[in-house]
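> Sharing a structure here in structure tokens format.
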Amino acid sequence: MKKLALVSALLIAISGTALAATQATETTQPTFGGEQMAQKHDGKHRDGKTQRGGFNNEQAAAIKVTEVQNAKDDQRIVLEGFIEKQVGKEDYLFKDDSGSIEVEIDRRAWAGQEITPNDKVKLFGEVDKSWNKTEVEIYRVVKVQ
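The sequence shown runs -20 to -1, 1 to 125 under mature numbering (1 follows the signal peptide of the UniProt record, and there is no 0).
The structure is reproduced here in structure tokens:
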């Protein structure tokens, strides 16, 4: 019985020092930025203030609201008209000469602009079709002068 107690105590002491040595080497080894990769990329530079650039075609021809139903899923479109009112958190009623449609405008799409129902705007977005429902997700709002 004494031998069993001595062997048990010896094993506990050895495993405790081995565990401590393993933890010490794990904390001193570099992580290579793995914890940063888990963060969602928001499209901004490292200073967190400026948006990244990219190709922009503000001269793209706008389509009418009535043509949105005929657009393909994931098709990029431009709408030109007026935002009448907010109907949800990110949902707005948009109107042009041909009719009205509900659009979803991401908060970053506003780019700090103040838009009123009297301001003519160009909305750059993408058609999202699912289960007999057509939605337009807007990623950029430009006030027309």
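Each residue gets a CB set at the ideal place from its N, CA and C atoms; glycine is no exception.
#1: Around the Cβ of ILE(-9), are there at least 16 other Cβ atoms within 10 angstroms (buried) or fewer (exposed)?
#2: Which word fits LYS123, buried or exposed, when buried means at least 16 other C-beta atoms lie within 10 angstroms of its C-beta?
#3: State the beta-bridge partners of GLN66 as determined by DSSP.
#4: Does DSSP classify GLU106 as helix, strand or coil?
#5: Do three or more CB pairs link the segment 93 to 107 to the segment 51 to 58 at distances below 8 Å?
#6: How is LYS(-19) classed by DSSP in three states: helix, strand or coil?
#7: Measuring only the C-alpha atoms, how far is VAL101 from GLN49?
#8: By alpha-carbon positions, which one of LYS(-18), LEU103, TYR119 ends up nearest to ILE63?
Short version:
#1: exposed
#2: exposed
#3: In DSSP, GLN66 forms a bridge with TYR72.
#4: strand
#5: Enough Cβ pairs lie closer than 8 Å, so yes.
#6: helix
#7: When rounded, the distance between both Cα atoms is 20 Å.
#8: LEU103
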